[in-house]
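Report on the structure given below.
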Amino acid sequence: MDHYFASSSKLREFFEANKNDFESTLLDEAVNVKNKITEILKIGNINLVNNAHQLTVYIINSEDNELKRFAKKEGIAWATHSLELSFKLEWVQAIRRTLWTFIHKYYDLSNQYTSNDFFTLEAQINTRVDIFLNEFFISYSTYKDSLIHAQKELVENLSVPIIPINSHVSILPLIGSIDMNRISILKEKVLAEVSNLRIQTLIMDLSGLANMEQVVISEFLTVIDGISLMGCSTVLTGLRKEVAIDITHLGIKFNSETKVLGTLQQALGEYL
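If you read the sequence shown in the numbering used here, its first letter stands for residue 3, the second for the next number, and so on.
What follows is the structure, given as structure tokens:
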């Protein structure tokens, strides 16, 4: 162990002196990744070759804290730009193989190789490569999950865009189609915003609504009833003919506190 630490500076000097050969060997080892280096640099500003040299320095110098920080940073970068994990795995394994190739060359030239050296190096270097991979994948997974959660919240908020127009009146323009998943989000978000914003009148503009499944219409009415229970009146505008026909066929009636107007402009003229 002591011998390894004593020789690590010389080993580092050897790698630095043979930097170009190291890169060449590494690229030969990373068959699939070498054609992606420019693309990865362009997409995520990630220089794989420079990062390989940096990783090698951390491993040889036994800089474990820096190694872990580097792995976490790499994990976040790859997750942010949705880069393929298979490329990262192949690249790191190519670094491992190249690292051992040059360690073997170093000891052949130095004539100081002993079995103790090998077992010490094997334990320390392979362990550090594995630590890097472990920290990288944990960081990647954690950050990716955070991104997915944030994107999900963004989509949910965009699907229920409540727009306050004064202290008591807000507009909810509904666009596209509404299925059971969206009506569930709608119910949760609308009731929460009515409470948070203290909305007294919510104008729900349906003119951009493509269609509403019949099974969803009943759930939509429960949203309106929930709004009413919270002391907020609902104004529906732009109700499309197809939706109106489905509501009529189902025999569903709005509660007495729900007002229906032809257009959003009518509602704005009346409530502003």
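Beta carbons: idealized from backbone N, C-alpha and C, even for Gly.
Cα-Cα separation between Leu13 and Ser88, rounded to whole angstroms
Position 11 of the sequence shown, counted from the first residue, corresponds to residue 13. Position 86 of the sequence shown, counted from the first residue, corresponds to residue 88. C-alpha separation (whole angstroms): 30 Å.
Could you check what DSSP says for Ile185 in three-state terms: helix, strand or coil?
As a position in the sequence shown, residue 185 is number 183, starting the count at 1. Residue state, collapsed to three classes: helix.
For Thr260 and Leu238, which I take to be in contact (beta-carbon distance under 8 Å), what is that distance rounded to the nearest angstrom?
Working through the sequence shown from its first residue, we reach residue 260 at position 258. Working through the sequence shown from its first residue, we reach residue 238 at position 236. Between Leu238 and Thr260 the Cβ distance is about 7 Å, and since that is below 8 Å, they are a contact.
Nonlocal neighbours in the same chain, by C-beta distance under 6 Å from Lys191, ignoring five residues either side:
By 1-based counting over the sequence shown, the position of residue 191 is 189. Closer than 6 Å at Cβ, skipping near neighbours: Val162.
What does the alpha-carbon distance come out to for the pair Leu85 and Asn34?
Position 83 of the sequence shown, counted from the first residue, corresponds to residue 85. Position 32 of the sequence shown, counted from the first residue, corresponds to residue 34. Near 14 Å, if we compare the C-alpha coordinates of Asn34 and Leu85.
Cβ pair count under 8 Å reaching 3, the segment 174 to 192 against the segment 201 to 218
yes
For the segment 67 to 80 against the segment 19 to 31, do three or more pairs of beta-carbon atoms, one drawn from each stretch, fall closer than 8 Å, so that the two count as touching?
no
Beta-carbon proximity of Ile164 to Glu195, cut-off 7 Å:
What you label residue 164 is simply residue 162 of the sequence shown in a count that begins at 1. What you label residue 195 is simply residue 193 of the sequence shown in a count that begins at 1. Closer than 7 Å, so yes.
Mapping the DSSP letters down to three states, classify Ile39 as helix, strand or coil.
Taking the sequence shown and counting its residues from 1, the one referred to as residue 39 is at position 37. Note: Ile39 maps to helix in three-state DSSP.
Assigned secondary structure, Ile164 (DSSP; H/G/I helix, E/B strand, else coil):
Taking the sequence shown and counting its residues from 1, one reaches residue 164 at position 162. Coil, per DSSP.
Unbroken stretches of the alpha helix (DSSP H), 4 residues or longer, contained in the segment 51 to 107:
66 to 82
Skipping 5 residues on each side, what residues in its chain have a beta carbon closer than 7 Å to that of Glu41?
As a working mapping, residue 41 is identified with position 39 in the sequence shown. So the list is empty, once near-sequence residues are dropped.
Any idea what DSSP makes of Val262, helix, strand or coil?
Within the sequence shown, the letter at position 260 stands for residue 262. Val262: strand per DSSP, three-state reduction.
Helix, strand or coil for Ile226? Go by DSSP, reduced to three states.
Along the sequence shown, read from residue 1 onward, the residue named residue 226 stands at position 224. Helix.
Pull up the distance between the alpha-carbon of Asn168 and that of Val245, whole angstroms please.
Locating residue 168 in the sequence shown gives position 166, counting from the first residue. Locating residue 245 in the sequence shown gives position 243, counting from the first residue. Computed Cα separation, rounded: 29 Å.
What residues match up with Ser235 in a beta bridge as DSSP calls it?
As a working mapping, residue 235 is identified with position 233 in the sequence shown. Its beta-bridge partners are Thr203.
As assigned by DSSP and simplified to three states, the class of Ile150:
Residue mapping note: residue 150 aligns to position 148 of the sequence shown, counting from 1. Reduced to three states, the DSSP call for Ile150 is helix.
Ala32, DSSP secondary structure in three states
For the purposes of this step, residue 32 is taken as residue 30 along the sequence shown, with counting starting at 1. It is coil, neither helix nor strand.
How close, in whole Å, do the beta carbons of Ser112 and Asn63 come, if the pair is a contact with beta carbons under 8 Å?
Here the question's residue 112 lines up with position 110 in the sequence shown. Here the question's residue 63 lines up with position 61 in the sequence shown. Incorrect: roughly 18 Å between the Cβ atoms, too far for contact.
DSSP-derived helix/strand/coil call for Asp4:
Mapped onto the sequence shown, residue 4 falls at position 2. Bear in mind that the predicted position of Asp4 carries a pLDDT of just 41, short of 50, making it unreliable; the figure below should be weighed with that in mind. Helix.
Same chain, Cβ closer than 7 Å to Lys146, five either side skipped, listed in chain order
Within the sequence shown, the letter at position 144 stands for residue 146. Once the five neighbours on either side are set aside, the close Cβ partners of Lys146 are Ala81.
Less than 7 Å between the C-beta atoms of Arg98 and Val51, yes or no?
Counted from its first residue, the sequence shown places residue 98 at position 96. Counted from its first residue, the sequence shown places residue 51 at position 49. For Arg98 and Val51, no; Cβs fall outside 7 Å.
Can you tell me which of Leu274, Leu266, Ile78 puts its alpha carbon nearest to the alpha carbon of Asn47?
Numbered from its first residue, the sequence shown carries residue 47 at position 45. Among Leu274, Leu266, Ile78, the Cα nearest to that of Asn47 belongs to Ile78.
Measure the beta-carbon distance from Thr236 to Leu204 and round it to whole angstroms, keeping in mind my assumption that it falls under 8 Å.
By 1-based counting over the sequence shown, the position of residue 236 is 234. By 1-based counting over the sequence shown, the position of residue 204 is 202. Indeed they touch by this definition, with Cβ atoms about 5 Å apart.
Start-to-end residues for the beta strand (DSSP E) that takes in Ile1:
Shown here, the chain extends from 3 to 274; a query on residue 1 therefore has no answer.
Indicate whether Ser209 and Gly240 have their beta-carbon atoms separated by less than 7 Å.
Against the sequence shown, residue 209 aligns to sequence position 207. Against the sequence shown, residue 240 aligns to sequence position 238. Contact: yes.
So, is Asp4 buried or exposed, given that buried needs 16 or more other C-beta atoms within 10 angstroms?
Residue mapping note: residue 4 aligns to position 2 of the sequence shown, counting from 1. For Asp4, the predicted structure reports a pLDDT of 41, less than 50, and the residue's modelled location is therefore unreliable. A value from the coordinates is still provided. Flag for Asp4 reads exposed.
Run the CB neighbour count on Thr58, radius 10 Å, all protein chains shown included, and call it buried at 16 or more, exposed below.
Along the sequence shown, read from residue 1 onward, the residue named residue 58 stands at position 56. Flag for Thr58 reads buried.
DSSP-derived helix/strand/coil call for Ser197
As a first step, residue 197 is located in the sequence shown; it is residue number 195 there, counting from the start. Helix, per DSSP.
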